[in-house]
Ligand SMILES: Cc1cc2nc3c(=O)[nH]c(=O)nc-3n(C[C@H](O)[C@H](O)[C@H](O)COP(=O)(O)OP(=O)(O)OC[C@H]3O[C@@H](n4cnc5c(N)ncnc54)[C@H](O)[C@@H]3O)c2cc1C
């Protein structure tokens with residue numbers, strides 16, 4: 001009989017791998033998580049807003065002890081041009097009540113804490129170890145080869161949670177090479193500011209309440225870019241993510257983009273006087289539903305960013321990672337009952353994912369990446385029209401309101417044409433419906 005070191009080997013101790021490890025360890029499965037960083041979280045970057053629900057289902061009330069920054073009571077969306085902002089969003093006292101919707105977090109602290117819980121549940125976490133290859137015998141994944149001497153580990157099943165570059169999923173032919181139109185590069189700074197300054201600037205009454213601002217619009221000159229500002233306890237996370245294809249086409253440097261972004265007249269006052277504490281860069285898989293690969297093969301399942309599970313419209317990734325890790329682990333438990341880790345048996349994971357909010361949400365936006373590639377003006381001309389129209393309506397200059405509305409309608413007709421406007425609205429409704 002082939003040697004077996006563990007029942008399951010999980011590659012990567014981010015949210016996906018840790019969630020899978022937690023479920024398996026709780027079920028008394030002999031599980032190892034291999035992490036290349038010096039500790040879980042040491043290599044991880046996120047904006048980051050962490051949604052409670054997926055982890056709370058596994059670990060009820062975790063938020064009462066986890067190292068979190070602020071719970072978010074207001075989420076804003078800004079459309080910006082060089083000199084203006086159109087702002088919308090939601091602030092609610094319902095978000096200010098336990099168990100809360102989401103929190104700002106630092107992944108280095110949060111992942112470390114999560115890993116501790118997973119270890120307490122019984123999983124073994126092996127840090128500073130890189131998985132180099134899957135071990136495949138007779139077409140079935142039976143383990144992983146690590147960079148340690150005698151570092152081959154054999155198991156019933158490997159769960160890949162190795163992030164956006166997932167070497168494992170690629171080497172097994174599940175994932176194609178990443179193309180620059182399917183991945184964004186995000187650069188982010190953490191800017192230190194006193195708690196009371198953050199409270200005043202963002203309009204919250206104490207250091208446990210937080211605000212997020214997502215920012216897009218004509219300012220980014222037709223690039224698929226999204227800026228963000230999130231409040232932590234005594235710092236602000238600020239960053240810009242841009243599709244790599246646009247960075248190449250527009251010949252921009254992501255760092256320069258962030259530096260310029262920080263000088264925007266509506267943004268500079270929010271970070272004025274702050275001190276940069278940390279600078280981070282990371283890739284985000286943004287290919288959407290059609291970029292999600294087949295999620296299993298013989299003895300193998302793929303989860304989280306490794307499976308391209310990010311909902312960029314709603315800035316959700318860590319919760320999708322946790323949900324997928326959880327469902328992969330549950331699939332393993334069912335497969336173990338049958339003693340069958342074949343692709344057929346593990347295909348139950350794909351079904352579970354199709355039935356979960358993860359793939360349902362991604363499916364809803366499946367046509368969006370293509371639509372935005374095809375109709376770039378949706379990111380520029382329409383937001384510019386909204387910003388200019390709002391400015392004109394609010395600017396008291398002696399022109400009557402009916403004349404202002406008439407001018408907006410004339411611009412709509414001239415810039416888009418009513419027929420094209422109707423077509424765009426219909427396309428949006430149909431493709432997002
Ligand atoms: C700038 C930025 C902002 C974001 N903001 C948000 C947000 O606000 N909210 C949100 O929900 N999501 C956000 N995301 C997305 C979110 O970070 C990811 O979706 C989530 O981290 C995916 O978790 P994961 O466990 O799949 O992968 P990761 O968190 O990337 O973890 C992968 C782990 O695998 C390890 N690893 C990789 N290769 C190997 C190997 N060969 N051997 C051993 N270990 C390996 C890595 O060191 C890492 O620890 C953001 C992402 C970025 C980059």
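In UniProt numbering, the protein residues as written are 1 to 433. We put the beta carbon where it would ideally sit given N, CA and C, even for glycine.
Residue range of the unbroken alpha helix (DSSP H) whose run includes residue i
i: residue 200; result: 195-202
i: residue 323; result: 318-338
i: residue 403; result: 401-415
i: residue 22; result: 15-26
i: residue 170; result: 167-171
i: residue 272; result: First-last for residue 272: undefined, no H or E at that position.
i: residue 369; result: 368-374
Chain C within 9 Å of residue i, Cβ atoms only
i: residue 102; result: Given the protein chain composition of this structure (a single chain), no chain C is represented.
Three-way DSSP call (helix, strand, coil) for residue i in this model
i: residue 106; result: coil
i: residue 161; result: coil
i: residue 239; result: strand
i: residue 223; result: coil
i: residue 118; result: helix
i: residue 62; result: helix
i: residue 427; result: helix
i: residue 207; result: coil
i: residue 145; result: strand
i: residue 303; result: coil
i: residue 361; result: helix
i: residue 263; result: coil
i: residue 124; result: strand
i: residue 100; result: coil
i: residue 54; result: helix
i: residue 233; result: coil
i: residue 214; result: strand
i: residue 277; result: strand
i: residue 67; result: coil
i: residue 282; result: strand
i: residue 44; result: coil
Start-to-end residues for the beta strand (DSSP E) that takes in residue i
i: residue 85; result: 85-91
i: residue 186; result: 183-192
i: residue 134; result: 131-137
i: residue 178; result: That residue, residue 178, is in no beta strand (DSSP E); it is neither H nor E in DSSP.
i: residue 50; result: 49-51
i: residue 349; result: That residue, residue 349, is in no beta strand (DSSP E); its alpha helix (DSSP H) goes 343-355.
i: residue 390; result: Counting along the chain, residue 390 falls outside any beta strand (DSSP E), though it belongs to the alpha helix (DSSP H) covering 377-394.
i: residue 77; result: 71-80
i: residue 154; result: 152-154
i: residue 8; result: 8-11
i: residue 31; result: 31-34
Residue from the options whose Cα sits closest to the Cα of residue i
i: residue 79; options: 380, 173 and 417; result: 380
i: residue 156; options: 6, 369, 134 and 355; result: 6
i: residue 188; options: 236, 160 and 195; result: 236
i: residue 231; options: 410, 201, 247 and 246; result: 201
i: residue 282; options: 239, 210, 307 and 416; result: 239
i: residue 393; options: 382, 407 and 383; result: 407
i: residue 160; options: 20, 88, 367 and 414; result: 20
i: residue 314; options: 77, 56, 411 and 27; result: 77
i: residue 150; options: 84, 130, 141 and 139; result: 130
i: residue 64; options: 41, 97 and 257; result: 97
i: residue 280; options: 32, 30 and 107; result: 107
i: residue 119; options: 429, 40, 291 and 260; result: 40
i: residue 317; options: 9, 15 and 10; result: 15
i: residue 229; options: 223, 250 and 190; result: 190
Status (buried if at least 16 other CB within 10 Å, exposed otherwise) for residue i
i: residue 34; result: buried
i: residue 44; result: buried
i: residue 220; result: buried
i: residue 2; result: exposed
i: residue 425; result: exposed
i: residue 162; result: buried
i: residue 432; result: exposed
i: residue 84; result: buried
i: residue 36; result: buried
Integer Cβ distance of residue i from residue j, believed to fall under 8 Å
i: residue 241; j: residue 184; result: 4 Å
i: residue 110; j: residue 71; result: Between residue 71 and residue 110 the Cβ distance is about 14 Å, and since that is not below 8 Å, they are no contact.
i: residue 302; j: residue 92; result: In fact, because the Cβ distance is near 36 Å, the residues do not count as touching under 8 Å.
i: residue 275; j: residue 192; result: 5 Å
i: residue 244; j: residue 180; result: 4 Å
i: residue 105; j: residue 12; result: The Cβ separation is near 18 Å, so there is no contact.
i: residue 204; j: residue 73; result: 7 Å
i: residue 288; j: residue 194; result: With 8 Å as the limit, residue 288 and residue 194 do not qualify as a contact, their Cβ atoms being about 40 Å apart.
i: residue 484; j: residue 293; result: Limits of the chain in this structure are 1 at one end and 433 at the other, which puts residue 484 out of reach.
i: residue 327; j: residue 309; result: With a Cβ gap of about 11 Å, residue 327 and residue 309 do not count as contacting.
i: residue 121; j: residue 22; result: 6 Å
i: residue 154; j: residue 4; result: 5 Å
i: residue 322; j: residue 55; result: 5 Å
i: residue 158; j: residue 141; result: 5 Å
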